[in-house]
Every structure is written in C-alpha cells, then in structure tokens.
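Undergrad: With my numbering applied, the sequence shown covers 130 to 272. Please read through the structure below; I'll follow up with questions.
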Amino acid sequence: MNGSCLCGDVRYELKLDHINMYQCHCEQCRKQTGTASSCGSVVRDEVFVWLSGEGNIGVWEKDSGFTSHFCRSCGSSVPNKFRGYPYYWIPVGTLDSANVVTVANLYSCEKARWSNVVSGVNSYETKPSIKSLVKLLVDTDSE
Ligand SMILES: [Zn+2]
Ligand SMILES: [Zn+2]
C-alpha cells in the first residue's frame, strides 16, 4: 500500500496488506491534526520505503518531546522514524487506500467532549508502554 501527503511531494510505500491503527485523543494530537484524534500506526523498518520527498520534510519539536513531521510544501503529517526503535510511525490518513483495523484508543481521559470514539477496542486512560503499543500495532504474523 502507498501513502502520500496532500500535495504528493512526499510518498512512501508499506509492504503490508493491512495496518493496525490506534486513535490518540490527547490534546497534543488534537492540536497537531486539527481533528478529534490522530490516527496512527507503527510499522517495522523493513516494510517501510520512501518513494519521494524525504528531503522536503520539516520537523517541529515541543519541549515535552512530542514531534511533528510535516511536508514543507503542504503541511500534511508524514511518517517518521520512531526514535530509538526499529519502527516508523505512520499517519494513517496519508495512506492512499488501506485495509485498516482499529485496535486501540489512547488518552481517553483527554478526549474532547464532542468527539466520538470507536468502541469495542483496547482503551487506555493515557497510553500503554511503547512495548505494549508496538505489540498491538505491529503485525507479528509475518515474523
Ligand atoms: Zn506535501
Ligand atoms: Zn496523542
């Protein structure tokens, strides 16, 4: 499956046939995306390929360590290397077409009152450890 930013400068490919997604309802994700929650995933290094535009990616970092990687031309969120881990973070909405399974809600305690949450999936008041999150998101069938 392929993904791209709004203007098409930044393009990437995931060598996967489906992707597991979390929705994070924290205030930082809400501000960053301008929507109720951010829809993200984590994939292994080896299934991720940059196709174009890697040099056109800007980075902004908050004091807390929260980072936002974006296309310098159109401002869309774009994938980024998961710091210190052999994974990439994927903004799921940038996928051109995808078979997506929602597996978790994060930061339900910060959820906007006007926001709807996908029910029937793992729900966390804040967030699980990175290890547990990766376990939920990364497809281990192909190991
Ligand atoms: Zn762009
Ligand atoms: Zn968040």
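By construction, the Cβ of each residue, glycine as well, lies at the ideal position given by its N, Cα and C atoms. On a predicted model such as this, the values are computed, not experimentally measured, just so you know.
Looking only at its own chain, which residues have a Cβ that is under 8 angstroms from the Cβ of residue 237, when we skip the five neighbours before and after it?
TA: 154, 246, 252, 253, 254
Undergrad: Anyone know if the C-beta pair for residue 265 and residue 256 falls short of 8 angstroms?
TA: Contact: no.
Undergrad: Just to confirm the assignment: which complete alpha helix (DSSP H) runs, minimum length 4, are found wholly within the stretch 145 to 197?
TA: 156 to 162
Undergrad: Counting pairs of Cβ atoms below 8 angstroms between the stretch 216 to 227 and the stretch 139 to 159, do you hit three or more?
TA: Remark: three or more beta-carbon pairs, one from each stretch, lie closer than 8 angstroms, so the stretch 216 to 227 and the stretch 139 to 159 are flagged as touching.
Undergrad: In this structure, does DSSP put residue 227 in helix, strand or coil?
TA: coil
Undergrad: For ligand 2, which residues count as neighbours when the test is a C-beta closer than 5 angstroms to any heavy atom?
TA: 153, 155, 158
Undergrad: Residues in the same chain with beta-carbon distance under 8 angstroms from residue 200, minus the five sequence neighbours each way, listed in chain order, please.
TA: Excluding residues within five positions, the ones whose Cβ falls inside 8 angstroms are 134, 135, 136, 138, 139, 182, 185, 186, 187, 207.
Undergrad: Kindly indicate which three-state DSSP category residue 256 falls into: helix, strand or coil?
TA: coil
Undergrad: Closer than 7 angstroms to a non-hydrogen atom of ligand 1 - does that hold for the CB of residue 206?
TA: no
Undergrad: Closest to residue 178 by CA distance: which of 218, 250, 259 is it?
TA: 218
Undergrad: Tell me whether residue 188, by its Cβ, gets closer than 7 angstroms to a heavy atom of ligand 1.
TA: no
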